[in-house]
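K.L.:
This is the structure I have questions about; it appears just below.
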Amino acid sequence: MKIGIADTTFARIDLGKVAEETIKANCCEAKIVRYTVPGIKDLPVTCKKLIEEENCDIVIAIGMPGKKPIDKQCAHEASLGIIIAQLMTNKHIIEVFVHEDEAENDKELKEIAFDRTKKHCINAINLVKGFNLSKFAGGGLRQGGKNAEKIYL
Amino acid sequence: MKIGIADTTFARIDLGKVAEETIKANCCEAKIVRYTVPGIKDLPVTCKKLIEEENCDIVIAIGMPGKKPIDKQCAHEASLGIIIAQLMTNKHIIEVFVHEDEAENDKELKEIAFDRTKKHCINAINLVKGFNLSKFAGGGLRQGGKNAEKIYL
Amino acid sequence: MKIGIADTTFARIDLGKVAEETIKANCCEAKIVRYTVPGIKDLPVTCKKLIEEENCDIVIAIGMPGKKPIDKQCAHEASLGIIIAQLMTNKHIIEVFVHEDEAENDKELKEIAFDRTKKHCINAINLVKGFNLSKFAGGGLRQGGKNAEKIYL
Amino acid sequence: MKIGIADTTFARIDLGKVAEETIKANCCEAKIVRYTVPGIKDLPVTCKKLIEEENCDIVIAIGMPGKKPIDKQCAHEASLGIIIAQLMTNKHIIEVFVHEDEAENDKELKEIAFDRTKKHCINAINLVKGFNLSKFAGGGLRQGGKNAEKIYL
Amino acid sequence: MKIGIADTTFARIDLGKVAEETIKANCCEAKIVRYTVPGIKDLPVTCKKLIEEENCDIVIAIGMPGKKPIDKQCAHEASLGIIIAQLMTNKHIIEVFVHEDEAENDKELKEIAFDRTKKHCINAINLVKGFNLSKFAGGGLRQGGKNAEKIYL
Numbered sequence: 009m010k011i012g013i014a015d016t017t018f019a020r021i022d023l024g025k026v027a028e029e030t031i032k033a034n035c036c037e038a039k040i041v042r043y044t045v046p047g048i049k050d051l052p053v054t055c056k057k058l059i060e061e062e063n064c065d066i067v068i069a070i071g072m073p074g075k076k077p078i079d080k081q082c083a084h085e086a087s088l089g090i091i092i093a094q095l096m097t098n099k100h101i102i103e104v105f106v107h108e109d110e111a112e113n114d115k116e117l118k119e120i121a122f123d124r125t126k127k128h129c130i131n132a133i134n135l136v137k138g139f140n141l142s143k144f145a146g147g148g149l150r151q152g153g154k155n156a157e158k159i160y161l
Numbered sequence: 009m010k011i012g013i014a015d016t017t018f019a020r021i022d023l024g025k026v027a028e029e030t031i032k033a034n035c036c037e038a039k040i041v042r043y044t045v046p047g048i049k050d051l052p053v054t055c056k057k058l059i060e061e062e063n064c065d066i067v068i069a070i071g072m073p074g075k076k077p078i079d080k081q082c083a084h085e086a087s088l089g090i091i092i093a094q095l096m097t098n099k100h101i102i103e104v105f106v107h108e109d110e111a112e113n114d115k116e117l118k119e120i121a122f123d124r125t126k127k128h129c130i131n132a133i134n135l136v137k138g139f140n141l142s143k144f145a146g147g148g149l150r151q152g153g154k155n156a157e158k159i160y161l
Numbered sequence: 009m010k011i012g013i014a015d016t017t018f019a020r021i022d023l024g025k026v027a028e029e030t031i032k033a034n035c036c037e038a039k040i041v042r043y044t045v046p047g048i049k050d051l052p053v054t055c056k057k058l059i060e061e062e063n064c065d066i067v068i069a070i071g072m073p074g075k076k077p078i079d080k081q082c083a084h085e086a087s088l089g090i091i092i093a094q095l096m097t098n099k100h101i102i103e104v105f106v107h108e109d110e111a112e113n114d115k116e117l118k119e120i121a122f123d124r125t126k127k128h129c130i131n132a133i134n135l136v137k138g139f140n141l142s143k144f145a146g147g148g149l150r151q152g153g154k155n156a157e158k159i160y161l
Numbered sequence: 009m010k011i012g013i014a015d016t017t018f019a020r021i022d023l024g025k026v027a028e029e030t031i032k033a034n035c036c037e038a039k040i041v042r043y044t045v046p047g048i049k050d051l052p053v054t055c056k057k058l059i060e061e062e063n064c065d066i067v068i069a070i071g072m073p074g075k076k077p078i079d080k081q082c083a084h085e086a087s088l089g090i091i092i093a094q095l096m097t098n099k100h101i102i103e104v105f106v107h108e109d110e111a112e113n114d115k116e117l118k119e120i121a122f123d124r125t126k127k128h129c130i131n132a133i134n135l136v137k138g139f140n141l142s143k144f145a146g147g148g149l150r151q152g153g154k155n156a157e158k159i160y161l
Numbered sequence: 009m010k011i012g013i014a015d016t017t018f019a020r021i022d023l024g025k026v027a028e029e030t031i032k033a034n035c036c037e038a039k040i041v042r043y044t045v046p047g048i049k050d051l052p053v054t055c056k057k058l059i060e061e062e063n064c065d066i067v068i069a070i071g072m073p074g075k076k077p078i079d080k081q082c083a084h085e086a087s088l089g090i091i092i093a094q095l096m097t098n099k100h101i102i103e104v105f106v107h108e109d110e111a112e113n114d115k116e117l118k119e120i121a122f123d124r125t126k127k128h129c130i131n132a133i134n135l136v137k138g139f140n141l142s143k144f145a146g147g148g149l150r151q152g153g154k155n156a157e158k159i160y161l
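Going down the list, the protein sequences come from chains A, B, C, D and E. Read in the numbering used here, the first sequence has 28 at position 20, and its numbers run on one by one without any break. Read in the numbering used here, the second sequence has 12 at position 4, and its numbers run on one by one without any break. Read in the numbering used here, the third sequence has 132 at position 124, and its numbers run on one by one without any break. Read in the numbering used here, the fourth sequence has 89 at position 81, and its numbers run on one by one without any break. Read in the numbering used here, the fifth sequence has 27 at position 19, and its numbers run on one by one without any break.
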């Protein structure tokens with residue numbers, strides 16, 4: 009099993025390292041390939057290269073968009089690219105984007121970022137192992153904060 | 009006949025289960041393959057995998073976008089991806105998105121979600137069976153609430 | 009010659025029927041294949057299926073987006089999908105979208121819808137017959153209302 | 009050398025004719041294929057057909073979006089389609105869109121439209137002839153009005 | 009090693025030249041192919057042609073969007089096209105867009121533009137040489153201004 013990590017030098021936290029450690033701790037048999045690029049708009053092709061050239065079974069794409077409108081637009085463009093990359097490869101790419109304006113301060117930003125990165129690494133491991141997530145379907149699960157309230161059938 | 013159900017752990021209601029039960033009750037000969045992923049942006053490739061790897065004839069893609077602007081944007085990106093997935097496979101993917109801000113409270117949200125999910129499951133069954141929907145064309149049919157008023161020719 | 013008509017049960021007027029009648033009256037040699045789906049986001053793949061599976065030479069895609077922002081967004085997504093479907097097939101798909109908020113009341117909405125549908129059916133017939141539209145180029149032609157004023161060279 | 013011109017009957021000025029005349033006057037050896045369609049959203053596939061079915065080496069895509077928000081959105085969708093058509097064919101498509109709200113009145117609109125069309129025809133001729141435009145790089149060149157001020161290195 | 013530079017005549021600064029000089033000074037073994045086109049929406053296919061027809065290993069795409077809303081929209085469309093071009097070729101295209109409204113005056117605009125162009129040329133050289141950027145991951149690196157503050161693990 010091979011898991012790709014695509015991250016950026018634009019981000020303010022080394023979340024790629026957090027992802028690496030989380031995967032190692034929870035899926036010791038996985039090989040990890042990490043590929044760092046300048047910004048989030050470089051992520052789509054990076055993920056595709058990790059899948060097609062490095063034979064990764066799944067990729068975690070990590071980015072930290074800034075606060076400006078242009079940053080939001082870049083994140084939107086990157087997200088669309090990541091969706092298309094998945095459609096071209098039939099592989100999952102788990103997007104871990106942490107928006108700078110989600111937090112009031114750096115401490116909170118770090119908490120959100122760590123929580124989201126770690127939980128999505130577990131998601132990626134489960135998906136690539138074929139673990140059935142349907143038992144958590146509709147569970148209101150959130151990454152980067154506490155879960156939403158589940159509404160029971 | 010094989011019907012795929014793609015849903016998320018982000019959603020607050022287990023609508024995948026509602027879809028499963030609706031299909032079983034209305035199309036007992038259909039095989040169902042369910043595939044749950046973390047969020048709506050994971051749905052496009054999931055639907056494509058259900059079609060290409062699991063040989064589903066049609067897929068129902070269920071998501072519950074939250075109230076924040078970023079949630080709206082994710083839904084938009086997912087919808088575009090679902091449209092592209094259909095164009096790449098020549099198969100229908102019936103999108104069942106229930107936006108959290110469509111309802112005043114959880115009770116109403118559940119009613120909308122159940123109605124939309126059930127009606128769209130029937131739509132999917134009709135489409136995959138080749139049932140001619142033209143008799144309902146221009147009927148103002150709505151999923152998630154009462155129909156709009158038909159304007160007669 | 010084979011002309012496809014893709015329309016929806018969401019629409020409030022049976023414009024697919026109007027299109028059928030217009031084509032029959034103006035191009036009696038054309039075979040017509042009609043395919044009705046739930047909503048406008050189902051149209052792109054429907055048009056592609058009409059072209060690739062039913063061998064239609066051209067398709068008329070009819071939808072009636074509602075008044076809500078989400079309806080506008082769905083129309084935008086559908087339009088992009090219809091453009092991509094054309095690029096994938098090298099066939100024209102004539103989009104006939106009638107937005108509910110174009111009119112003050114149902115009577116006016118019906119007038120707009122009929123005018124747009126009929127005129128675009130003639131456009132489709134001309135395109136598929138290879139009739140040269142350049143004599144009308146820059147003519148300010150409108151479907152759904154009166155033409156704009158032409159500015160002469 | 010073969011140059012395609014794709015234009016619309018929606019436009020209020022016959023800019024396709026202006027393009028034809030400009031190309032004839034500046035590149036007498038070029039064969040011209042003109043293809044007129046109803047609206048700007050029909051342009052992407054028209055350009056692709058001109059390239060793939062008529063063997064055009066380059067296409068000029070001319071449209072005149074109206075003033076309404078929906079017109080703006082159509083122009084956006086058409087532009088994306090034109091970009092994708094280029095990526096699918098590896099040929100340039102020079103977009104000449106003149107927005108009705110660029111001008112205060114019809115006289116000004118015509119001036120903008122003529123200037124933009126003519127200059128972009130010259131651009132197209134230069135591109136298809138392999139003429140090196142780098143000598144004008146960063147020159148602040150504008151089509152449809154006077155150039156922006158160049159900032160020197 | 010072959011590096012492509014795609015730039016425009018619309019830009020107000022000859023940043024293509026700045027890029028050429030930066031690459032020559034920092035990667036003397038690289039062959040450079042420069043391709044100048046009218047505007048930013050011409051960049052996606054230009055980059056793809058540089059990769060597929062000129063065998064460039066990486067491309068730097070330089071544009072200077074103006075201040076108007078339509079310029080912003082063009083930049084958005086170009087960015088999406090550049091992302092798709094990368095996905096179609098599995099090569100990086102480093103986008104260097106300098107928005108006119110990022111600066112208060114031309115002097116500042118030039119400073120931002122030079123800094124961004126030079127830094128991204130170094131990024132491109134590093135990527136194409138396979139230099140591991142992970143040591144800078146999460147470093148808050150910015151092009152066009154000073155870096156953001158890194159948040160340590």
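No residue lacks a Cβ here, since even glycine has one placed at the ideal position from N, Cα and C. Source: prediction; values computed, not measured.
1) Can you check whether the C-beta of GLU119(C) is within less than 8 angstroms of a C-beta belonging to chain D?
2) Using the three-state DSSP reduction, which class does THR54(B) fall into: helix, strand or coil?
3) Helix, strand or coil for THR30(E) per DSSP?
4) Here's the rule I'm using: 16 or more other beta-carbon atoms within 10 Å means buried, otherwise exposed. How should ALA33(D) be labelled?
5) Can you find a C-beta in chain C that's less than 8 angstroms from the C-beta of GLN81(B)?
6) Please determine, among ILE48(B), PHE122(B), PHE139(B) and VAL67(B), the residue with the shortest C-alpha to C-alpha distance to SER87(B).
7) Name the chain C residues that come within less than 9 angstroms of ILE92(D), Cβ to Cβ?
8) Three-state secondary structure (DSSP) at PHE105(D)?
9) Could you spell out the range, first to last residue, of the beta strand (DSSP E) harbouring GLY12(C)?
10) Out of curiosity, what's the CA-to-CA distance linking GLY12(B) and GLU28(B)?
11) How about VAL45(E): is its C-beta nearer than 8 angstroms to some C-beta of chain D?
12) Would you verify that the beta carbon of PRO73(C) is, or is not, closer than 8 angstroms to some beta carbon of chain B?
13) Mind reading off the beta-carbon distance from ILE72(C) to ALA19(C)? Whole number of angstroms is fine, and I expect it under 8 angstroms.
14) How should CYS129(C) be labelled, buried or exposed, when 16 other C-beta atoms within 10 angstroms of its C-beta is the threshold for buried?
15) Quick check on the burial criterion: 16 or more other C-beta atoms within 10 angstroms. Buried or exposed for TYR43(D)?
16) Name, going along the chain, the residues of the segment 142-153 of chain D whose beta-carbon falls closer than 9 angstroms to a beta-carbon of chain E.
17) Report back the beta-carbon spacing between TYR154(B) and ASP109(B) to the nearest angstrom; my notes put them in contact at under 8 angstroms.
18) Which residues in the same chain have their Cβ closer than 6 angstroms to the Cβ of ALA111(A), if we skip the five residues on either side of it in sequence?
19) How about ILE91(B) and GLU85(C): do their beta carbons lie closer than 8 angstroms?
20) Let's test the definition: count the other Cβ atoms within 10 Å of the Cβ of GLY138(D) and tell me whether it reaches 16, buried, or not, exposed.
21) Could you have a look at LYS39(C) and say whether DSSP puts it in helix, strand or coil?
22) Any beta-carbon of chain E closer than 8 angstroms to the one on ASN63(D)?
23) Roughly how many angstroms lie between the CA atoms of PHE144(C) and GLN151(D), to the nearest whole one?
24) Could you tell me which whole alpha helix (DSSP H) segments of length 4 or greater appear in the segment 68-135 of chain E?
25) By DSSP, does LYS159(D) sit in helix, in strand, or in coil?
26) Within 8 angstroms (strictly less), CB to CB, does GLU157(E) reach chain A?
27) Relative to chain C, which residues along the segment 15-36 of chain D have a C-beta separation below 8 angstroms, given in chain order?
28) Going by the CB atoms, is the gap between LYS10(C) and CYS82(C) shorter than 8 angstroms?
29) Quick one: residues in its chain with C-beta nearer than 6 angstroms to the C-beta of ALA69(B), no 5 flanking neighbours on either side, listed in chain order?
30) Would you please verify whether the beta carbon of GLU103(C) is less than 8 angstroms from any beta carbon of chain D?
31) Is ILE66(A) helix, strand or coil when you go by DSSP?
32) Using C-beta distances below 6 angstroms, list every residue in its chain close to ASN107(C), excluding the 5 sequence neighbours before and after it, in chain order.
33) Can you check which of these residues, TYR160(D), ALA38(D), ASP114(D) and CYS35(D), is closest to LEU161(C) by C-alpha distance?
34) Buried or exposed: ASN131(D), going by 16 or more other Cβ atoms within 10 Å of its Cβ?
35) Which term fits ASN98(C), buried or exposed, when burial requires 16 or more other beta carbons within 10 angstroms of its beta carbon?
P.N.:
So, from the data block:
1) For GLU119(C), the answer is no, since every Cβ of chain D falls outside 8 angstroms of its Cβ.
2) THR54(B) carries a helical assignment under DSSP once its states are collapsed to helix, strand and coil.
3) For THR30(E), the three-state secondary structure derived from DSSP is helix.
4) Label assigned to ALA33(D): exposed.
5) Chain C contact via Cβ: absent.
6) Nearest C-alpha to SER87(B): ILE48(B).
7) Neighbours of ILE92(D) in chain C, taken as residues at a C-beta separation under 9 angstroms, are given in chain order as ILE91, ILE92 and LEU95.
8) Residue state, collapsed to three classes: strand.
9) Residues 10-16.
10) In a straight line, the C-alpha of GLY12(B) is about 9 angstroms away from that of GLU28(B).
11) Yes, because at least one Cβ of chain D sits closer than 8 angstroms to the Cβ of VAL45(E).
12) False, the Cβ-Cβ gap to chain B never drops below 8 angstroms.
13) Per the sequence shown, the amino acid found at residue 72(C) is Met instead of Ile. Right, the Cβ-Cβ distance comes to about 4 angstroms (below 8 angstroms), so this counts as a contact.
14) That one is buried.
15) TYR43(D) is buried by the Cβ-count criterion.
16) Listed by position, the residues of the segment 142-153 of chain D near chain E (Cβ gap below 9 angstroms) are SER142, LYS143, PHE144, ALA145, GLY146, GLY147, GLY148, LEU149, ARG150 and GLN151.
17) As written in the sequence, residue 154(B) is Lys, which differs from the Tyr given in the question. Not confirmed; about 19 angstroms, so no contact.
18) Short of 6 angstroms from the beta carbon of ALA111(A), and not among the five residues preceding or following it, lie these beta carbons of its own chain, in chain order: LEU117 and ILE120.
19) Using a Cβ distance threshold of 8 angstroms, ILE91(B) and GLU85(C) count as a contacting pair.
20) The C-beta of GLY138(D) has fewer than 16 other C-beta atoms within 10 Å across all chains shown, which makes the residue exposed.
21) It is a strand residue.
22) Closer than 8 angstroms to the CB of ASN63(D) there is not a single CB belonging to chain E.
23) Distance between the alpha carbons of PHE144(C) and GLN151(D): 25 angstroms.
24) If we require 4 residues or more, the alpha helix (DSSP H) runs fully inside the segment 68-135 of chain E come out as 77-97.
25) Checking the displayed sequence, the identity of residue 159(D) turns out to be Ile instead of Lys. In the structure shown, ILE159(D) adopts coil according to DSSP, grouped into three states.
26) Under the 8 angstroms criterion on CB atoms, GLU157(E) is classed as interfacial with respect to chain A.
27) Taking 8 angstroms as the Cβ-Cβ cut-off against chain C, the residues of the segment 15-36 of chain D that qualify are ASP15, THR16, THR17, PHE18, ALA19, ARG20, ILE21, ASP22, LEU23, GLY24, LYS25 and VAL26.
28) Against a cut-off of 8 angstroms, the Cβ pair of LYS10(C) and CYS82(C) comes out as no contact.
29) So the qualifying residues of the chain are ALA14, LEU51, CYS55, ILE90, ILE101 and GLU103.
30) With 8 angstroms as the cut-off, GLU103(C) counts as an interface residue toward chain D.
31) ILE66(A) carries a strand assignment under DSSP once its states are collapsed to helix, strand and coil.
32) With the sequence shown as reference, residue 107(C) is identified as His, and Asn is not the correct amino acid for it. Only residues of its own chain outside the window of five on either side were considered, and among them PRO73 have a CB closer than 6 angstroms to the CB of HIS107(C), listed in chain order.
33) Nearest Cα to LEU161(C) within the set TYR160(D), ALA38(D), ASP114(D) and CYS35(D): ASP114(D).
34) Using a 10 angstroms sphere on the CB of ASN131(D), the tally of other CB atoms reaches 16 or more, which defines it as buried.
35) Label assigned to ASN98(C): exposed.
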